[in-house]
Amino acid sequence: MSQAQWLGVGVCALLMFWVIGAYNRLVAMRTAIGAVYAQVDDLIQRRAAAAHALAAAAHDEMIGEHSAIEAWLAAQDQCRQAADALRARPVLASLAAALVAAEAPLAAAGARVMALLEQRPRVLGDNSATTHVATLRETEARLVFARQMFNEAAQTYNDAVRLFPTRLLARAFDFGTAGRL
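All residue numbers for the sequence shown refer to our numbering, where the first residue is 32 and numbers rise by one.
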């Protein structure tokens with residue numbers, strides 16, 4: 032083989048190793064997003080369980096406020112469904128946007144129910160209800176941090192996908208940008 036042929040083989044081998052390395056890097060970043068989302072998903076499931084338990088504990092004391100509690104639980108279930116959908120493809124931006132959209136009515140309904148609970152000291156006097164409220168508050172605080180971790184992982188992945196020449200590889204292997212929470 033001539034020197035030009037060896038040079039061509041070397042360039043092709045170098046290009047092939049770069050493609051394999053870049054592909055593996057993108058897959059690792061996408062996997063990291065999935066791992067971080069697992070924490071977000073776990074916290075969403077815990078929040079939903081605590082909300083349902085709190086609603087059951089406060090059911091008898093808040094007879095006139097069942098519509099607020101039902102709206103809160105419905106928003107909780109909607110958020111959980113969006114989280115379940117995102118669990119299958121945590122990198123899909125449209126599913127992340129659906130989860131963000133489901134969180135907005137949940138926050139409003141949750142604030143209303145918490146305000147109603149604070150007006151009823153007998154409900155909060157119950158140890159079970161107090162425990163569930165504390166669990167909800169702790170879960171919300173941890174969820175903020177978990178979302179931040181997810182967004183950082185998604186941003187790192189998106190930056191890698193947008194860089195040239197990785198952008199060409201991303202298009203060829205259908206690596207889209209990740210959504211943010």
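Every residue gets a Cβ at the ideal spot worked out from N, C-alpha and C, and that includes glycine. Treat the numbers as computed from the prediction; the structure is a model and nothing was measured.
Sorted by chain position, which residues of the same chain lie with C-beta nearer than 6 Å to Arg173's C-beta, five sequence neighbours on each side aside? Leu74
Proximity below 8 Å, CB of Ala81 to CB of Leu167: Between Ala81 and Leu167, the CB-CB gap stays under 8 Å.
Give me the residue from Leu117, Asn158, Ile51, Ala99 with the minimum Cα distance to Gln76. Leu117
Helix, strand or coil for Asp73 per DSSP? In the structure shown, Asp73 sits in a helix (DSSP, three-state: H, G or I).
Delimiting residues of the alpha helix (DSSP H) encompassing Ile100: 97-119
Output the distance between the C-alpha atoms of Leu126 and Ala203, rounded to the nearest integer angstrom. In a straight line, the C-alpha of Leu126 is about 22 Å away from that of Ala203.
So Met180 is in the alpha helix (DSSP H); what residue range does that whole segment cover? 158-193
Give the secondary structure of Ser125 by DSSP, where H, G and I count as helix, E and B as strand, and everything else as coil. Ser125 falls in the helix class under three-state DSSP.
Inspect the beta-carbon positions of Val154 and Ala146 and report whether they are closer than 8 Å. no
For Phe206, count neighbouring C-beta atoms within 10 Å of its own C-beta (all shown protein chains included) and say buried if the count is 16 or more, exposed if not. buried
Ignore the nearest five residues each way along the sequence and tell me which others in Pro136's own chain have a CB closer than 6 Å to its CB. Ala106
Give the straight-line distance between the Cα atoms of Ala69 and Phe195, rounded to the nearest whole angstrom. Taking the Cα positions, Ala69 is about 30 Å away from Phe195.
With a CB to CB cut of under 6 Å and the five nearest residues on each side skipped, what residues in its chain are close to Met180? Val67
In whole angstroms, what is the alpha-carbon distance linking Val40 and Leu199? 22 Å
How far does the alpha helix (DSSP H) with Ala201 in it extend, from its first residue to its last? 197-203
When the distance is taken between beta carbons, is Val122 closer than 8 Å to Arg61? yes
Taking C-beta to C-beta, are Ala113 and Gly210 nearer than 8 Å? no
Could you round the C-beta distance between Leu57 and Val192 to whole angstroms and report it? I think they count as a contact, below 8 Å. 7 Å
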